[in-house]
Amino acid sequence: MKATMFQRILVPVDFSDNARAALALAVRIAAESAGELTILNVVQSPQVFTADVGIPEIAPVFVEVTEQLRAASERRMAEWVDEIVPEPMPRLLKVVQGRVVDEILREIESGHYDLVVMGAHGTRGLRGALLGSTTNRVARKSPVPVLVTH
21 MKATMFQRIL VPVDFSDNAR AALALAVRIA AESAGELTIL NVVQSPQVFT
71 ADVGIPEIAP VFVEVTEQLR AASERRMAEW VDEIVPEPMP RLLKVVQGRV
121 VDEILREIES GHYDLVVMGA HGTRGLRGAL LGSTTNRVAR KSPVPVLVTH
């Protein structure tokens with residue numbers, strides 16, 4: 021009989037080595053608890069990175085770049101899932117746009133998850149720090165347990 025403690029598991033990924041390890045760990049937990057995975061990637065659009073520069077002609081460029089980033093994220097996520105997540109395991113892939121921490125917390129709230137599994141550091145992680153800033157902020161603000169892996 022399988023444990024059912026973690027039925028809905030969220031795995032935010034940024035395609036770093038730590039995110040890969042987090043996804044692999046989440047797969048093991050989901051297999052043990054007959055759970056389902058939601059794998060989330062947040063695309064930060066150029067609008068998030070830059071202030072409104074007051075040049076209306078630049079808006080279409082932001083839209084195009086964001087669409088390209090989203091498409092690339094969707095392709096990469098599909099590759100990861102094919103490689104790491106066994107076929108019969110229930111999974112949902114989501115690529116959203118916005119501020120990373122805000123979007124992860126929004127997904128936690130709306131998805132009614134039992135557990136979040138994240139890598140300690142992302143693509144920009146400082147090796148000497150205990151936790152990356154994104155993981156740290158999500159862990160502090162999440163209403164559900166956050167399991168952090170290295």
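Read in order, the letters of the sequence shown are residues 21 to 170 in the working numbering.
Where is the CB? At the ideal position from N, CA and C, for every residue including glycine.
Would you say residue 59 and residue 135 are within 8 Å of each other, going by their C-beta atoms?
no
From the DSSP output, in three-state form, read off residue 139 for me.
strand
Give the straight-line distance between the Cα atoms of residue 47 and residue 55, rounded to the nearest whole angstrom.
9 Å
Excluding the 5 residues flanking residue 159 on each side, which residues of the same chain have their C-beta closer than 6 Å to its C-beta?
166
Please state the DSSP three-state secondary structure of residue 88.
helix
Would you kindly work out how many angstroms separate the C-alpha atoms of residue 32 and residue 77, rounded to a whole number?
33 Å
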